[in-house]
Structures are given as C-alpha cells and as structure tokens.
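Visitor: Below is the structure I would like to discuss, written out as structure tokens.
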Amino acid sequence: MLTKTLEQKTRKEKSKKKMAPAKKGKAKANSAVSTQSKPTAPSPQNNFPSCIRAVPPSSVAITIHAKPGSKSASITDLSDEAVGVQIDAPAKDGEANAALLDYISSVLGVKRRQVSIGSGSKSRDKVVIVEEVTLQNVFDALEKVSKCC
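For the sequence shown, this note's numbering gives the first residue as 15, with consecutive numbering after it.
Encoded structure:
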C-alpha cells in the first residue's frame, strides 16, 4: 500500500514537471507575438548616413575616402558609403594623414588631439575616430561644410 502511494506521488510530480515546460513555451510564444505587434521607435542612428556611426562611450567613427594632392582641403561628398575629402598635401611620409586630421578637427570644431585614424593609415579609405563628440554634432558640421562649398 505504501509503495502504491509513493508511486502515485512520483507519477504526479513527473506529470507536473512535464507540463511546466509546455506552459513556459506557450508564455514565450505569446510574449513573442505581443512584442512583434508593437511598433518600435527608430533608433537615433537611423537618421544618419552609415559612414558616420557612434562608438561608445562618447566617440564617433567617420568613414572617409581621402583624395590627397588637391589644391585645397574640402569635403567633396557626403554619401552613405563614405565622406569624400580632398586633402591639400601629398600622400607621402604621412603628410596627407596629418593634413586630413587637421582639416577634420577644424571642420568639427574640436581639438586636434581628439581626432585620430582608426584604420587605413596607408589607404585612401580610412576610418577616423573623433572623441568626445555626438553623432548629431558631427553630422551637422559635415553637412554644413559639404553644402556650402
């Protein structure tokens, strides 16, 4: 008699354990449906071209296509792929890179030490990192300079 009651208890416990995951699964499915039906607000980065992106905690990365050896430094293009920048220095001994960083810092109104090359130091396609700025400030400054010239 005692063994029968123990067997019945263990059967009940096993059946409860089997049912518990099924209930959890339904709850997950319902929560997934409810989150999918809610509209999500666009992220703040969606308003900016992909060549300008935030780098936590307070930096911005700018993809640049540099054109060294020009008569004057200027922003030629602000597209989704890259910011086109003409540089008034030759591409030798790091002169164009230094001129690019000087020009970008003056356009953005930041100190030269806040601007560095993240990648592409020996290529025309570069990623420039600007520290202690917001995405909005960088975009506004680049857009202003690219439209006026």
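Backbone N, C-alpha and C define an ideal beta-carbon position, used for all residues, glycine too.
#1: Let me know the secondary structure DSSP gives Asn-151 once reduced to three states.
#2: Among residues of its own chain, excluding the 5 on either side of Phe-153, which ones have a beta-carbon nearer than 7 Å to its beta-carbon?
#3: With contact counted as at least three CB pairs below 8 Å, one residue from each stretch, are the region 84 to 92 and the region 139 to 147 in contact?
#4: Ser-135 CB to nearest chain C CB: under 9 Å?
#5: Considering only the beta carbon of each residue, do Ser-135 and Glu-95 sit closer than 9 Å?
#6: Taking DSSP as the reference, what is the three-state secondary structure of Arg-67?
#7: Have a look at the DSSP bridge pairing and note the partners of Lys-140.
#8: Distance check for Ala-113 and Lys-106, CA to CA, integer angstroms please.
#9: Grab me the residues of Asn-111's own chain with a C-beta within less than 7 Å of its C-beta, minus the 5 sequence neighbours each way, in chain order.
#10: For Asn-151, which residues in the same chain have their Cβ closer than 6 Å to its Cβ, ignoring the five residues on either side in sequence?
Guide: Based on what the coordinates show:
#1: In the sequence shown, residue 151 corresponds to position 137, counting from 1. In the structure shown, Asn-151 sits in a helix (DSSP, three-state: H, G or I).
#2: For this step, residue 153 is matched to residue 139 along the sequence shown. Within the same chain, Phe-153 has close Cβ partners Phe-62, Ile-66.
#3: no
#4: In the structure shown, chain C cannot be found, because there is only a single protein chain.
#5: The residue you call residue 135 lines up with position 121 of the sequence shown. The residue you call residue 95 lines up with position 81 of the sequence shown. Against a cut-off of 9 Å, the Cβ pair of Glu-95 and Ser-135 comes out as no contact.
#6: As a first step, residue 67 is located in the sequence shown; it is residue number 53 there, counting from the start. Looking at Arg-67 - three-state DSSP - the assignment turns out to be strand.
#7: By one-based count along the sequence shown, residue 140 stands at place 126. Beta-bridge pairing links Lys-140 to Ile-78.
#8: Here residue 106 corresponds to residue number 92 of the sequence shown, with the count starting at 1. Here residue 113 corresponds to residue number 99 of the sequence shown, with the count starting at 1. Cα-Cα distance, rounded: 11 Å.
#9: To locate residue 111, count along the sequence shown from 1; it is residue 97. If we look at Asn-111 and ignore the five residues flanking it on each side, its Cβ neighbours are Ile-131, Ser-135.
#10: The residue you call residue 151 lines up with position 137 of the sequence shown. Correct list: empty, nothing qualifies.
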